[in-house]
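Please read the structure below before turning to the comments.
Residue numbers (this note's numbering): 4 to 358.
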C-alpha cells in the first residue's frame, strides 16, 4: 500500500555484494591436560578454603568473593567458563584484566580474572566435581577447568590502587562487589572498620545500587586504608582526585589579541552549554551569553575560567586565526569552517555557576 512504511536498511550496500566467507580461527590449545588441570585446581581450592576460613568475621559476610583467573589464550568473551559457573552454582559478577608471569616466558602475559560470588556450599560442589570420574563430566566443564590458571582471593595489593608511597590521608572511593542479601551487613562492617581507625562518620558517603556495586567515599588515613585492604567484598579502593578541567590558555597569554565584536545582532539559533559558569563581565561574551545558575553552591574560579573559555570557543572558534587588534565578527557571521556545527549562533548558556 502507498502509505506503508518501509524499513530502513543500515549498510544496505552489503546486500548487493557477494558474501566473503570468514576465516576460521585456529582451535585454542589448552595449557595442560584435564588431569593436570584438575590436580592444580584441587590444590588451589584447598588453599582458597584455608584463606577463607582465616578471614576475620568482621571483614567478611556469608557470601565470599574470590577470583577465577584464566590462561592468557582465553581472553575472548566466548571463553568465559560459563559451564564451570553454572554447574557449581557460582555467579560471575565482573572481570578485570590480569597480568601474570609464566616461568618459561620472559614477557608478562595479559589475561583476565573473573570475580565470583559464592558460598562455602558452592566450593564443596566444585570439590565434589573435581573428585568425580572424568568420564561422567561434560566436555564443556572439563575444558573450563583447563582454561583456569588460578583460583584465589583478590590480594590487598590488587584491591588498593593508585596511591603514592608518600600518601597519608585524603578522600578515597571504595567499591564493594554486589551481594545478594548481605549488602547492608557488608557496609556496616566496613563502616565499623573505618570508624575504628579514625575516620569521621560525617565524611562517609554511601551510594548503593540494587543488584549492583556499592560506592563509598570517605576521608581516610593510610592506617584505615591498610585495614580495609583485605575486606572480602572489596573490589577496589582508589584516591579521589577532583580535577574536572585541564589547565587552559587564557586570552592574555596570546601575543595577538583581537578586539571584541561591535555589533549586537542576535541570531535565533541558541546553544546550551553545561559547564562551570562564566565571567559575565567579559567583553567577548557580554552581549551574547546568558547564564542560568541552577545550584546554590559558591562559584569556583577554576570552573568559571573553564566555562568562559568553552563559551568563547563556541562563539568565535580559534582566536589565533585573527591578526592583532582585528575586530572579531559577530558570532552569527562565522562560517562552518570556523565552527563545525552552525554558522549562525546566539549562545544561551544553560549551566550552573559551580559544581
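Ideal Cβ placement from N, Cα and C applies to all residues, glycine included.
None of these values were measured; they are calculated from a predicted model.
(Q) With a threshold of 8 Å, are at least 3 pairs of Cβ atoms found where one atom belongs to the segment 64-75 and the other to the segment 228-245? (A) yes
Q. In angstroms, rounded to a whole number, what distance separates the CA positions of residue 132 and residue 177?
A. 36 Å
Q: Tell me whether residue 310 sits in a helix, a strand or coil according to DSSP, three-state version.
A: Correct three-state label for residue 310: helix.
Q: Compute the distance between the beta-carbons of residue 317 and residue 276, then report whether it is under 9 Å.
A: Between residue 317 and residue 276, the CB-CB gap stays under 9 Å.
Q: Decide if residue 212 is buried, meaning its Cβ has at least 16 other Cβ atoms within 10 Å, or exposed.
A: exposed
Q.
Rounding to the nearest angstrom, what Cα-Cα distance links residue 274 and residue 155 in this structure?
A. 53 Å
Q) residue 243: buried (16+ other C-beta within 10 angstroms of its C-beta) or exposed? A) exposed
Q: Express the C-alpha separation of residue 85 and residue 203 in angstroms, rounding to a whole number.
A: Between the alpha carbons of residue 203 and residue 85 lies a distance of about 43 Å.
(Q) Quick test of your reading: residue 72 and residue 153, contact by CB under 8 Å. State the CB separation rounded to the nearest angstrom. (A) So it is a contact: roughly 4 Å between Cβ atoms.
Q. Are there three or more Cβ pairs, one per stretch, closer than 8 Å when the segment 126-141 is compared with the segment 86-97?
A. yes
Q. Among 147, 53, 80, which one has its Cα closest to the Cα of residue 97?
A. 80
Q: Look up residue 359 in the DSSP assignment and say whether it is helix, strand or coil.
A: Any property of residue 359 remains undetermined from this structure, which presents the chain solely from 4 to 358.
Q.
Relative to the C-alpha of residue 296, which candidate in 50, 278, 221, 51 has its C-alpha closest?
A. 278
Q) Helix or strand or just coil, what does DSSP make of residue 66? A) coil
(Q) Considering just the uninterrupted stretch of the beta strand (DSSP E) at residue 95, what are its terminal residues? (A) Its beta strand (DSSP E) spans residues 94-103.
Q | Length of the line joining the Cα atoms of residue 189 and residue 220 | A | 15 Å
**Q.** Proximity to residue 328 [Cα-Cα], best of 311, 265, 309, 307
**A.** 265
Q | Sequence-distant residues of the same chain with beta carbon closer than 7 Å to residue 286, five excluded per side | A | 263
Q: Quickly, what does DSSP pair residue 118 with across the bridge? List them, please.
A: 70, 97
Q: Answer with buried or exposed for residue 123, where buried requires no fewer than 16 other C-beta atoms within 10 angstroms of its C-beta.
A: Exposed, since its Cβ has fewer than 16 Cβ neighbours within 10 Å.
Q: Would you kindly check if the distance between the Cβ of residue 115 and the Cβ of residue 101 is under 9 Å?
A: yes
Q. So, residue 112 versus residue 196, is the Cβ gap smaller than 9 Å?
A. no
Q: Specify the secondary structure class of residue 215 as computed by DSSP and reduced to three states.
A: When secondary structure is reduced to three states using DSSP, residue 215 falls in the coil class, being assigned neither helix nor strand.
Q.
Do residue 118 and residue 95 have their beta-carbon atoms positioned less than 9 Å apart in this structure?
A. yes
Q: State the CB to CB distance for the pair residue 40 and residue 148, rounded to an integer number of angstroms; the pair is presumed to be in contact (CB under 8 Å).
A: 5 Å
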